[in-house]
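Colleague:
Numbering (UniProt numbering), first residue to last: 1 to 394.
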(Lines of atoms letter the chains of each structure in order from A; the text may use other names.)
(Lines give C-alpha, C1' and ligand atoms only; values in the text may rest on other atoms or scores of the structure.)
Protein backbone atom coordinates (compact mmCIF):
# COMPACT_ATOMS: atom_id res chain seq x y z
CA UNK A 1 0.00 0.00 0.00
CA UNK A 2 1.18 3.51 -0.83
CA UNK A 3 0.00 6.79 0.63
CA UNK A 4 -1.29 9.14 -2.06
CA UNK A 5 -2.73 12.03 -0.09
CA UNK A 6 -3.08 13.23 3.50
CA UNK A 7 -5.80 15.70 4.49
CA UNK A 8 -8.26 16.70 7.24
CA UNK A 9 -11.79 16.21 8.39
CA UNK A 10 -12.64 19.13 10.65
CA UNK A 11 -15.90 17.96 12.23
CA UNK A 12 -15.43 15.70 14.09
CA UNK A 13 -11.61 15.98 14.00
CA UNK A 14 -9.77 13.32 12.02
CA UNK A 15 -6.91 12.69 9.61
CA UNK A 16 -7.90 11.23 6.23
CA UNK A 17 -5.46 8.96 4.40
CA UNK A 18 -5.99 8.34 0.71
CA UNK A 19 -3.88 5.40 -0.44
CA UNK A 20 -3.46 2.87 -3.27
CA UNK A 21 -3.34 -0.92 -2.97
CA UNK A 22 -0.77 -2.96 -4.88
CA UNK A 23 -3.44 -3.77 -7.49
CA UNK A 24 -3.99 -0.06 -8.17
CA UNK A 25 -7.30 0.23 -6.31
CA UNK A 26 -7.71 3.51 -4.40
CA UNK A 27 -9.00 3.48 -0.85
CA UNK A 28 -9.57 5.82 2.10
CA UNK A 29 -8.80 5.46 5.80
CA UNK A 30 -9.90 7.74 8.63
CA UNK A 31 -8.01 8.23 11.90
CA UNK A 32 -10.42 9.79 14.41
CA UNK A 33 -8.98 12.31 16.88
CA UNK A 34 -11.85 12.85 19.35
CA UNK A 35 -9.58 14.02 22.19
CA UNK A 36 -7.63 16.62 20.20
CA UNK A 37 -7.61 19.99 21.98
CA UNK A 38 -5.54 23.12 22.54
CA UNK A 39 -3.74 21.27 25.36
CA UNK A 40 -2.64 18.40 23.11
CA UNK A 41 1.09 17.86 22.57
CA UNK A 42 1.13 18.06 18.78
CA UNK A 43 4.70 16.83 18.32
CA UNK A 44 4.11 13.79 20.52
CA UNK A 45 0.76 13.02 18.90
CA UNK A 46 2.30 13.18 15.42
CA UNK A 47 5.03 10.73 16.45
CA UNK A 48 2.44 8.37 17.93
CA UNK A 49 0.43 8.42 14.72
CA UNK A 50 3.53 7.61 12.63
CA UNK A 51 4.38 4.76 15.00
CA UNK A 52 0.86 3.28 15.00
CA UNK A 53 -0.11 3.71 11.33
CA UNK A 54 2.01 1.90 8.76
CA UNK A 55 0.89 4.20 5.94
CA UNK A 56 2.56 7.12 7.73
CA UNK A 57 6.34 7.53 7.68
CA UNK A 58 8.89 9.91 9.17
CA UNK A 59 8.84 11.76 5.85
CA UNK A 60 5.22 12.74 6.53
CA UNK A 61 5.87 13.87 10.12
CA UNK A 62 6.14 17.61 9.36
CA UNK A 63 2.99 17.49 7.21
CA UNK A 64 1.09 15.75 10.02
CA UNK A 65 2.13 18.44 12.52
CA UNK A 66 0.92 21.21 10.20
CA UNK A 67 -2.44 19.49 9.75
CA UNK A 68 -2.86 18.88 13.48
CA UNK A 69 -2.11 22.53 14.28
CA UNK A 70 -4.68 23.53 11.65
CA UNK A 71 -7.26 21.29 13.30
CA UNK A 72 -6.61 22.78 16.74
CA UNK A 73 -6.83 26.34 15.41
CA UNK A 74 -10.14 25.59 13.69
CA UNK A 75 -11.66 24.12 16.83
CA UNK A 76 -10.51 27.05 18.95
CA UNK A 77 -12.44 29.39 16.64
CA UNK A 78 -15.46 27.09 16.76
CA UNK A 79 -15.37 26.83 20.58
CA UNK A 80 -15.03 30.59 20.92
CA UNK A 81 -18.12 31.13 18.78
CA UNK A 82 -20.12 28.56 20.75
CA UNK A 83 -19.36 30.38 24.01
CA UNK A 84 -20.25 33.81 22.68
CA UNK A 85 -23.48 33.13 20.82
CA UNK A 86 -26.91 31.64 21.25
CA UNK A 87 -29.29 30.12 18.74
CA UNK A 88 -31.61 32.62 17.10
CA UNK A 89 -34.03 32.74 14.21
CA UNK A 90 -32.21 33.96 11.11
CA UNK A 91 -34.72 33.73 8.30
CA UNK A 92 -37.92 32.09 7.14
CA UNK A 93 -37.95 30.08 3.92
CA UNK A 94 -41.19 30.41 1.99
CA UNK A 95 -40.14 28.78 -1.26
CA UNK A 96 -43.30 26.81 -2.08
CA UNK A 97 -46.99 27.59 -2.40
CA UNK A 98 -47.95 24.12 -1.17
CA UNK A 99 -46.75 22.48 2.10
CA UNK A 100 -43.05 21.73 2.39
CA UNK A 101 -42.12 18.11 3.02
CA UNK A 102 -38.38 18.18 3.64
CA UNK A 103 -35.11 20.09 3.45
CA UNK A 104 -31.37 19.50 3.20
CA UNK A 105 -28.43 21.82 3.71
CA UNK A 106 -24.85 21.69 2.49
CA UNK A 107 -21.95 21.30 4.92
CA UNK A 108 -21.26 25.04 4.87
CA UNK A 109 -25.00 25.76 5.29
CA UNK A 110 -24.78 28.19 2.35
CA UNK A 111 -26.97 26.06 0.09
CA UNK A 112 -30.39 24.73 1.09
CA UNK A 113 -32.76 22.48 -0.85
CA UNK A 114 -36.49 22.28 -0.07
CA UNK A 115 -39.18 19.92 -1.37
CA UNK A 116 -42.94 20.15 -1.47
CA UNK A 117 -46.30 18.70 -2.41
CA UNK A 118 -45.99 20.82 -5.57
CA UNK A 119 -43.65 18.09 -7.01
CA UNK A 120 -40.67 20.48 -7.23
CA UNK A 121 -37.34 21.04 -5.50
CA UNK A 122 -36.03 24.55 -4.79
CA UNK A 123 -32.34 25.39 -4.32
CA UNK A 124 -31.80 28.42 -2.06
CA UNK A 125 -28.97 30.48 -0.61
CA UNK A 126 -30.52 31.84 2.61
CA UNK A 127 -27.43 33.76 3.73
CA UNK A 128 -26.56 35.40 0.40
CA UNK A 129 -27.32 38.23 0.72
CA UNK A 130 -28.37 38.40 4.39
CA UNK A 131 -31.90 39.71 4.91
CA UNK A 132 -32.67 41.69 8.09
CA UNK A 133 -35.16 39.75 10.19
CA UNK A 134 -38.15 41.98 10.92
CA UNK A 135 -41.82 41.42 11.65
CA UNK A 136 -42.71 42.26 8.05
CA UNK A 137 -40.02 39.97 6.64
CA UNK A 138 -41.42 37.09 8.67
CA UNK A 139 -44.90 37.48 7.21
CA UNK A 140 -44.57 39.22 3.86
CA UNK A 141 -41.16 38.63 2.30
CA UNK A 142 -39.17 35.70 1.02
CA UNK A 143 -36.08 35.67 3.21
CA UNK A 144 -34.01 33.67 0.75
CA UNK A 145 -32.34 33.83 -2.65
CA UNK A 146 -33.64 31.15 -5.00
CA UNK A 147 -30.98 29.53 -7.15
CA UNK A 148 -33.06 27.08 -9.19
CA UNK A 149 -36.25 25.03 -9.38
CA UNK A 150 -35.78 21.34 -10.21
CA UNK A 151 -38.67 19.58 -11.93
CA UNK A 152 -39.20 16.05 -13.23
CA UNK A 153 -40.87 14.07 -10.47
CA UNK A 154 -44.44 13.01 -11.18
CA UNK A 155 -45.51 13.02 -7.54
CA UNK A 156 -44.89 14.66 -4.18
CA UNK A 157 -41.15 15.08 -3.53
CA UNK A 158 -40.81 13.73 0.00
CA UNK A 159 -37.08 13.27 0.60
CA UNK A 160 -33.86 15.25 -0.04
CA UNK A 161 -30.17 14.67 0.67
CA UNK A 162 -26.88 16.27 -0.42
CA UNK A 163 -23.71 14.24 -0.82
CA UNK A 164 -21.33 15.31 1.94
CA UNK A 165 -19.05 17.15 2.21
CA UNK A 166 -19.05 18.65 -1.29
CA UNK A 167 -22.80 19.06 -1.97
CA UNK A 168 -22.20 18.56 -5.68
CA UNK A 169 -25.13 16.16 -6.00
CA UNK A 170 -28.66 16.14 -4.65
CA UNK A 171 -30.75 13.01 -4.12
CA UNK A 172 -34.55 13.10 -4.08
CA UNK A 173 -37.25 10.52 -3.38
CA UNK A 174 -40.84 10.86 -4.53
CA UNK A 175 -44.34 9.45 -4.32
CA UNK A 176 -43.93 8.61 -8.02
CA UNK A 177 -41.98 5.53 -6.71
CA UNK A 178 -38.62 6.78 -8.03
CA UNK A 179 -35.43 8.40 -6.79
CA UNK A 180 -33.62 11.01 -8.84
CA UNK A 181 -30.01 12.16 -8.71
CA UNK A 182 -29.27 15.80 -9.62
CA UNK A 183 -26.10 17.67 -10.53
CA UNK A 184 -26.12 20.79 -8.35
CA UNK A 185 -23.84 22.80 -10.64
CA UNK A 186 -25.81 22.24 -13.87
CA UNK A 187 -29.20 21.86 -12.10
CA UNK A 188 -29.87 18.83 -14.32
CA UNK A 189 -30.83 15.19 -13.57
CA UNK A 190 -28.08 12.55 -13.63
CA UNK A 191 -30.09 9.38 -13.11
CA UNK A 192 -33.53 7.95 -12.36
CA UNK A 193 -33.77 4.90 -10.06
CA UNK A 194 -36.86 2.72 -10.40
CA UNK A 195 -37.77 -0.48 -8.60
CA UNK A 196 -39.92 0.24 -5.56
CA UNK A 197 -43.51 -0.99 -5.71
CA UNK A 198 -44.74 1.88 -3.54
CA UNK A 199 -44.09 5.54 -2.82
CA UNK A 200 -40.48 6.41 -1.89
CA UNK A 201 -40.50 8.20 1.46
CA UNK A 202 -36.74 8.57 1.95
CA UNK A 203 -33.37 8.40 0.22
CA UNK A 204 -29.92 8.95 1.70
CA UNK A 205 -26.34 8.80 0.40
CA UNK A 206 -23.88 6.33 1.86
CA UNK A 207 -21.37 8.32 3.95
CA UNK A 208 -17.88 9.46 3.04
CA UNK A 209 -16.21 8.22 -0.12
CA UNK A 210 -19.03 5.72 -0.67
CA UNK A 211 -21.43 8.60 -1.45
CA UNK A 212 -20.24 8.58 -5.06
CA UNK A 213 -20.98 4.87 -5.37
CA UNK A 214 -24.27 4.05 -3.67
CA UNK A 215 -27.29 5.31 -1.76
CA UNK A 216 -30.22 3.81 0.12
CA UNK A 217 -33.95 4.36 -0.31
CA UNK A 218 -37.01 3.19 1.63
CA UNK A 219 -40.65 2.91 0.71
CA UNK A 220 -44.22 2.25 1.75
CA UNK A 221 -43.80 -1.13 0.03
CA UNK A 222 -42.05 -2.34 3.23
CA UNK A 223 -38.55 -2.57 1.75
CA UNK A 224 -35.30 -0.64 1.68
CA UNK A 225 -32.98 -0.77 -1.34
CA UNK A 226 -29.27 -0.02 -1.72
CA UNK A 227 -28.62 1.36 -5.21
CA UNK A 228 -25.51 1.43 -7.40
CA UNK A 229 -25.25 5.02 -8.64
CA UNK A 230 -23.29 4.27 -11.81
CA UNK A 231 -25.47 1.44 -13.11
CA UNK A 232 -28.81 2.75 -11.76
CA UNK A 233 -29.53 -0.78 -10.48
CA UNK A 234 -30.15 -2.22 -7.01
CA UNK A 235 -27.30 -3.82 -5.08
CA UNK A 236 -29.36 -5.07 -2.17
CA UNK A 237 -33.02 -5.26 -1.13
CA UNK A 238 -33.78 -5.37 2.60
CA UNK A 239 -37.08 -7.14 3.34
CA UNK A 240 -38.48 -8.03 6.75
CA UNK A 241 -40.59 -5.14 8.05
CA UNK A 242 -44.35 -5.75 8.11
CA UNK A 243 -45.24 -2.14 7.23
CA UNK A 244 -43.85 0.98 5.55
CA UNK A 245 -40.10 1.53 6.05
CA UNK A 246 -40.18 5.09 7.31
CA UNK A 247 -36.45 5.82 7.76
CA UNK A 248 -32.97 4.52 6.98
CA UNK A 249 -29.42 5.30 8.13
CA UNK A 250 -25.97 4.06 7.16
CA UNK A 251 -23.23 3.60 9.73
CA UNK A 252 -19.73 5.08 9.27
CA UNK A 253 -17.78 5.11 6.03
CA UNK A 254 -17.41 1.36 5.58
CA UNK A 255 -21.23 1.12 5.16
CA UNK A 256 -21.34 -2.39 6.61
CA UNK A 257 -24.30 -1.58 8.81
CA UNK A 258 -27.74 -0.13 8.00
CA UNK A 259 -30.54 0.76 10.41
CA UNK A 260 -34.16 0.96 9.28
CA UNK A 261 -37.24 2.11 11.14
CA UNK A 262 -40.80 1.20 10.26
CA UNK A 263 -44.46 1.89 10.89
CA UNK A 264 -44.50 -1.59 12.45
CA UNK A 265 -42.89 0.14 15.51
CA UNK A 266 -39.56 -1.68 15.14
CA UNK A 267 -35.98 -0.74 14.33
CA UNK A 268 -33.93 -3.31 12.41
CA UNK A 269 -30.15 -3.54 12.00
CA UNK A 270 -28.78 -5.09 8.80
CA UNK A 271 -25.36 -6.36 7.74
CA UNK A 272 -24.82 -5.23 4.14
CA UNK A 273 -22.19 -7.89 3.51
CA UNK A 274 -24.85 -10.60 3.37
CA UNK A 275 -28.07 -8.58 3.36
CA UNK A 276 -29.54 -10.08 6.51
CA UNK A 277 -31.20 -8.57 9.58
CA UNK A 278 -29.26 -9.47 12.73
CA UNK A 279 -31.21 -7.45 15.31
CA UNK A 280 -34.81 -6.28 15.68
CA UNK A 281 -35.49 -3.63 18.36
CA UNK A 282 -39.10 -3.63 19.52
CA UNK A 283 -39.27 -1.10 22.38
CA UNK A 284 -41.20 1.73 20.71
CA UNK A 285 -45.01 1.80 20.90
CA UNK A 286 -45.76 3.56 17.58
CA UNK A 287 -44.34 4.37 14.13
CA UNK A 288 -40.58 5.04 13.95
CA UNK A 289 -40.00 8.50 12.47
CA UNK A 290 -36.18 8.59 12.25
CA UNK A 291 -32.99 6.63 12.93
CA UNK A 292 -29.37 7.82 12.88
CA UNK A 293 -25.92 6.63 13.95
CA UNK A 294 -23.27 8.74 15.63
CA UNK A 295 -20.14 9.16 13.50
CA UNK A 296 -18.37 6.17 15.08
CA UNK A 297 -21.51 4.01 14.72
CA UNK A 298 -21.31 3.08 18.41
CA UNK A 299 -24.71 4.50 19.30
CA UNK A 300 -28.02 4.62 17.46
CA UNK A 301 -30.75 7.23 17.89
CA UNK A 302 -34.42 6.58 17.16
CA UNK A 303 -37.52 8.76 17.39
CA UNK A 304 -41.15 7.75 17.29
CA UNK A 305 -44.75 8.85 17.14
CA UNK A 306 -45.02 7.49 20.69
CA UNK A 307 -43.48 10.81 21.85
CA UNK A 308 -40.01 9.51 22.72
CA UNK A 309 -36.43 9.56 21.49
CA UNK A 310 -34.26 6.62 22.47
CA UNK A 311 -30.47 6.23 22.50
CA UNK A 312 -29.20 2.70 21.86
CA UNK A 313 -25.92 0.82 22.06
CA UNK A 314 -25.57 -0.22 18.42
CA UNK A 315 -23.48 -3.27 19.32
CA UNK A 316 -25.72 -4.80 21.98
CA UNK A 317 -29.14 -3.27 21.25
CA UNK A 318 -29.40 -2.03 24.85
CA UNK A 319 -31.39 1.17 25.45
CA UNK A 320 -29.05 3.75 27.01
CA UNK A 321 -31.54 6.57 27.51
CA UNK A 322 -35.14 7.54 26.82
CA UNK A 323 -36.12 11.21 26.30
CA UNK A 324 -39.79 12.12 26.79
CA UNK A 325 -39.71 15.95 26.77
CA UNK A 326 -42.23 16.23 23.93
CA UNK A 327 -44.75 14.98 26.51
CA UNK A 328 -46.75 12.57 24.41
CA UNK A 329 -46.66 14.57 21.17
CA UNK A 330 -45.22 12.82 18.13
CA UNK A 331 -41.44 13.17 17.70
CA UNK A 332 -41.09 13.74 13.97
CA UNK A 333 -37.30 13.73 13.70
CA UNK A 334 -34.12 13.33 15.76
CA UNK A 335 -30.46 13.33 14.77
CA UNK A 336 -26.89 13.72 16.04
CA UNK A 337 -24.56 16.62 15.32
CA UNK A 338 -21.30 15.84 13.50
CA UNK A 339 -19.34 14.90 16.64
CA UNK A 340 -22.14 12.89 18.23
CA UNK A 341 -22.03 15.11 21.33
CA UNK A 342 -25.45 16.66 20.74
CA UNK A 343 -28.87 15.40 19.71
CA UNK A 344 -31.68 17.54 18.29
CA UNK A 345 -35.31 16.42 18.33
CA UNK A 346 -38.41 18.02 16.76
CA UNK A 347 -42.06 17.32 17.44
CA UNK A 348 -45.65 18.09 16.63
CA UNK A 349 -45.78 20.14 19.84
CA UNK A 350 -43.78 22.82 17.99
CA UNK A 351 -40.69 22.28 20.15
CA UNK A 352 -37.11 21.59 19.15
CA UNK A 353 -34.93 20.25 21.98
CA UNK A 354 -31.16 19.83 22.07
CA UNK A 355 -29.56 17.26 24.38
CA UNK A 356 -26.01 16.56 25.51
CA UNK A 357 -25.35 12.86 24.89
CA UNK A 358 -22.75 12.64 27.67
CA UNK A 359 -24.95 14.05 30.42
CA UNK A 360 -28.22 13.09 28.61
CA UNK A 361 -29.58 16.44 29.83
CA UNK A 362 -31.69 18.88 27.85
CA UNK A 363 -30.04 22.25 27.21
CA UNK A 364 -32.91 24.65 27.86
CA UNK A 365 -30.95 27.54 26.34
CA UNK A 366 -31.32 25.93 22.91
CA UNK A 367 -34.93 24.84 23.24
CA UNK A 368 -37.15 26.75 20.88
CA UNK A 369 -40.88 26.69 20.18
CA UNK A 370 -42.52 27.74 16.94
CA UNK A 371 -46.08 28.80 17.81
CA UNK A 372 -47.38 28.85 14.23
CA UNK A 373 -47.04 25.17 13.40
CA UNK A 374 -45.58 21.75 13.86
CA UNK A 375 -41.90 20.94 13.31
CA UNK A 376 -41.20 18.29 10.71
CA UNK A 377 -37.43 17.87 10.84
CA UNK A 378 -34.29 19.43 12.22
CA UNK A 379 -30.54 19.26 11.78
CA UNK A 380 -27.33 20.64 13.22
CA UNK A 381 -25.16 21.80 10.31
CA UNK A 382 -21.67 20.27 10.51
CA UNK A 383 -19.36 23.25 10.16
CA UNK A 384 -21.25 26.50 9.98
CA UNK A 385 -21.85 29.06 12.69
CA UNK A 386 -25.51 28.71 11.67
CA UNK A 387 -25.72 25.44 13.54
CA UNK A 388 -29.43 24.67 13.60
CA UNK A 389 -32.24 24.48 11.09
CA UNK A 390 -35.85 23.45 11.40
CA UNK A 391 -38.61 23.00 8.85
CA UNK A 392 -42.11 24.06 9.81
CA UNK A 393 -45.06 22.51 8.01
CA UNK A 394 -46.89 25.72 7.10
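Using N, Cα and C, we set each Cβ at its ideal position, and we do this for glycine too.
Going by DSSP, what residue range makes up the beta strand (DSSP E) through residue 51?
Modeller: Here residue 51 refers to the residue found at position 51 when the chain shown is read from its first residue. Per DSSP, residue 51 belongs to no beta strand (DSSP E); it is in the alpha helix (DSSP H), 42-52.
Colleague: Report yes or no: do the segment 94-109 and the segment 34-49 share at least 3 C-beta pairs separated by less than 8 Å?
Modeller: At 8 Å Cβ cutoff, the stretches do not touch.
Colleague: Runs of 3 residues minimum, wholly inside the UniProt repeat "WD" (150-192): which ones carry the beta strand (DSSP E) assignment?
Modeller: List check, beta strand (DSSP E) in window: 157-162, 169-174 and 178-183.
Colleague: For the beta strand (DSSP E) that contains residue 103, what are its first and last residues?
Modeller: On the chain shown, residue 103 is found 103 positions in, with the first residue counted as 1. Segment 100-105, the beta strand (DSSP E) holding residue 103.
Colleague: Relative to the alpha-carbon of residue 8, which residue among 20, 22, 156 and 31 has its alpha-carbon at the smallest distance?
Modeller: Numbered from 1 along the chain shown, position 8 holds the residue referred to as residue 8. Among 20, 22, 156 and 31, the Cα nearest to that of residue 8 is on 31.
Colleague: By the 10 Å Cβ neighbour count, where 16 or more other Cβ atoms means buried, how is residue 307 classified, buried or exposed?
Modeller: Stepping through the chain shown from its first residue, residue 307 is reached at position 307. Flag for residue 307 reads buried.
Colleague: Between residue 262 and residue 243, is the Cβ-Cβ spacing less than 7 Å?
Modeller: If you number the chain shown from 1, residue 262 lands on position 262. If you number the chain shown from 1, residue 243 lands on position 243. For residue 262 and residue 243, yes; Cβs fall inside 7 Å.
Colleague: Can you name the start and end residues of the beta strand (DSSP E) that residue 56 belongs to?
Modeller: The residue given as residue 56 occupies position 56 in the chain shown. No beta strand (DSSP E) contains residue 56, which DSSP labels as neither H nor E.
Colleague: Return yes when the Cβ of residue 219 is within less than 7 Å of the Cβ of residue 196, no when it is not.
Modeller: Taking the chain shown and counting its residues from 1, the one referred to as residue 196 is at position 196. Taking the chain shown and counting its residues from 1, the one referred to as residue 219 is at position 219. In this structure, residue 219 lies closer than 7 Å to residue 196 by Cβ.
Colleague: On the DSSP letters alone, give me the boundaries of the beta strand (DSSP E) that residue 351 sits inside.
Modeller: Within the chain shown, residue 351 is the residue found at index 351, counting from 1. That run of the beta strand (DSSP E) goes 351-356.
Colleague: Can you tell me the Cα-Cα spacing of residue 396 and residue 269, whole angstroms?
Modeller: The chain is shown only over 1 to 394; residue 396 falls outside these bounds and no answer can be derived.
Colleague: Whose C-beta lies closer than 6 Å to the C-beta of residue 15 among residues of the same chain, with five residues either side of it excluded?
Modeller: As a working note, residue 15 is residue 15 in the chain shown. Result list for residue 15: 31, in chain order.
Colleague: Under a Cβ-count criterion, where at least 16 other Cβ atoms within 10 Å of its own Cβ denotes burial, should residue 238 be classed as buried or exposed?
Modeller: Counting from 1 along the chain shown, the entry for residue 238 is found at position 238. Classification for residue 238: buried.
Colleague: Would you mind sorting residue 5 into buried or exposed? The rule is 16 or more other CB atoms within 10 Å of its CB.
Modeller: In the chain shown, the residue the question calls residue 5 occupies position 5. Exposed, since its Cβ has fewer than 16 Cβ neighbours within 10 Å.
Colleague: Excluding the 5 residues flanking residue 63 on each side, which residues of the same chain have their C-beta closer than 7 Å to its C-beta?
Modeller: The residue you call residue 63 lines up with position 63 of the chain shown. The residues are 6.
Colleague: Are the Cβ atoms of residue 333 and residue 346 separated by less than 7 Å?
Modeller: In the chain shown, the residue the question calls residue 333 occupies position 333. In the chain shown, the residue the question calls residue 346 occupies position 346. Contact: yes.
Colleague: The beta strand (DSSP E) spanning residue 213 covers which residue range?
Modeller: Sequence index remark: in the chain shown, residue 213 carries index 213 (1-based). Looking at the DSSP string, residue 213 is not in any beta strand (DSSP E), and its letter there is neither H nor E.
Colleague: Taking the beta strand (DSSP E) that residue 299 belongs to, which residues open and close that run?
Modeller: One-based indexing of the chain shown puts residue 299 at position 299. Per DSSP, residue 299 belongs to the beta strand (DSSP E) from 299-304.
Colleague: Who are residue 146's beta bridge partners in DSSP?
Modeller: Within the chain shown, residue 146 is the residue found at index 146, counting from 1. 124.
Colleague: Please list the terminal residues of the continuous beta strand (DSSP E) segment that includes residue 276.
Modeller: Walking along the chain shown from the start, residue 276 turns up at place 276. Unbroken beta strand (DSSP E) run through residue 276: 276-281.
Colleague: When we look at the beta-carbon of residue 89 and count the other beta-carbons within 10 Å, is it buried (16 or more) or exposed?
Modeller: Within the chain shown, numbered from 1, the residue matching residue 89 stands at position 89. Exposed is the call here.
Colleague: Roughly how many angstroms lie between the CA atoms of residue 282 and residue 259, to the nearest whole one?
Modeller: Within the chain shown, the letter at position 282 stands for residue 282. Within the chain shown, the letter at position 259 stands for residue 259. The straight-line gap from Cα to Cα measures roughly 13 Å.
Colleague: Could you check what DSSP says for residue 200 in three-state terms: helix, strand or coil?
Modeller: Indexing the chain shown from 1 puts residue 200 at position 200. Of the three classes helix, strand and coil, the one that applies to residue 200 here is strand, per DSSP.
Colleague: If the criterion is Cβ atoms closer than 7 Å, does the pair residue 111 and residue 167 meet it?
Modeller: For the purposes of this step, residue 111 is taken as the residue at position 111 of the chain shown. For the purposes of this step, residue 167 is taken as the residue at position 167 of the chain shown. Yes, the Cβ-Cβ distance between residue 111 and residue 167 is below 7 Å.
Colleague: So, under 8 Å CB-CB, residue 93 and residue 124 are touching, yes? Tell me the CB distance rounded to an integer number of Å.
Modeller: Working through the chain shown from its first residue, we reach residue 93 at position 93. Working through the chain shown from its first residue, we reach residue 124 at position 124. With a Cβ gap of about 6 Å, residue 93 and residue 124 count as contacting.
Colleague: When you compare only the Cα positions, how much space is there between residue 149 and residue 295?
Modeller: Translated into the one-based positions of the chain shown, residue 149 becomes position 149. Translated into the one-based positions of the chain shown, residue 295 becomes position 295. Those two C-alpha atoms are separated by around 32 Å.
Colleague: Going by DSSP, name the residue or residues bridged to residue 21.
Modeller: Looking up residue 21 in the chain shown gives position 21. Answer is none; residue 21 lacks a bridge partner.
Colleague: Based on DSSP bridge pairs, tell me the residues matched to residue 8.
Modeller: Residue mapping note: residue 8 aligns to position 8 of the chain shown, counting from 1. According to DSSP, which records beta bridges pairwise, residue 8 is partnered with 15.
Colleague: Considering Cα atoms alone, identify which of 221, 215 and 329 is closest to residue 241.
Modeller: The count along the chain shown starts at 1 and reaches residue 241 at position 241. Nearest of 221, 215 and 329 to residue 241, Cα basis: 221.
Colleague: Short check: CB of residue 153 to CB of residue 118, under 7 Å?
Modeller: Your numbering for residue 153 matches position 153 in the chain shown. Your numbering for residue 118 matches position 118 in the chain shown. Result no, Cβ atoms of residue 153 and residue 118 do not sit closer than 7 Å.
Colleague: Which whole-angstrom value describes the C-beta separation of residue 203 and residue 171, a residue pair presumed to lie in contact below a C-beta threshold of 8 Å?
Modeller: The count along the chain shown starts at 1 and reaches residue 203 at position 203. The count along the chain shown starts at 1 and reaches residue 171 at position 171. That pair is a contact at about 5 Å.
Colleague: Threshold first: 3 residues or longer. Then list the beta strand (DSSP E) segments lying entirely within the UniProt repeat "WD" (238-273), N to C.
Modeller: Listed in chain order, they are 245-250, 257-262 and 267-271.
Colleague: For residue 33, I'd like the list of residues in its chain whose CB is within less than 6 Å of its CB, leaving aside the five on either flank, ordered along the chain.
Modeller: Taking the first residue of the chain shown as position 1, residue 33 is located at position 33. Within the same chain, residue 33 has close Cβ partners 13 and 14.
Colleague: What residue does the beta strand (DSSP E) around residue 28 start on, and which one ends it?
Modeller: In the chain shown, residue 28 corresponds to position 28, counting from 1. From DSSP, the beta strand (DSSP E) with residue 28 extends over 26-32.
Colleague: Let me know if residue 301 comes out buried or exposed under the rule of 16 or more other beta-carbons within 10 Å of its beta-carbon.
Modeller: Residue numbering aside, residue 301 sits at position 301 when the chain shown is read from its first letter. Looking at its Cβ environment, which holds 16 or more other Cβ atoms inside 10 Å, residue 301 is buried.
Colleague: How would you call residue 1, buried or exposed, if buried means at least 16 neighbouring beta carbons within 10 angstroms?
Modeller: As a first step, residue 1 must be located in the chain shown, where it is residue number 1. By the neighbour-count rule (16 or more Cβ atoms within 10 Å), residue 1 is not buried but exposed.
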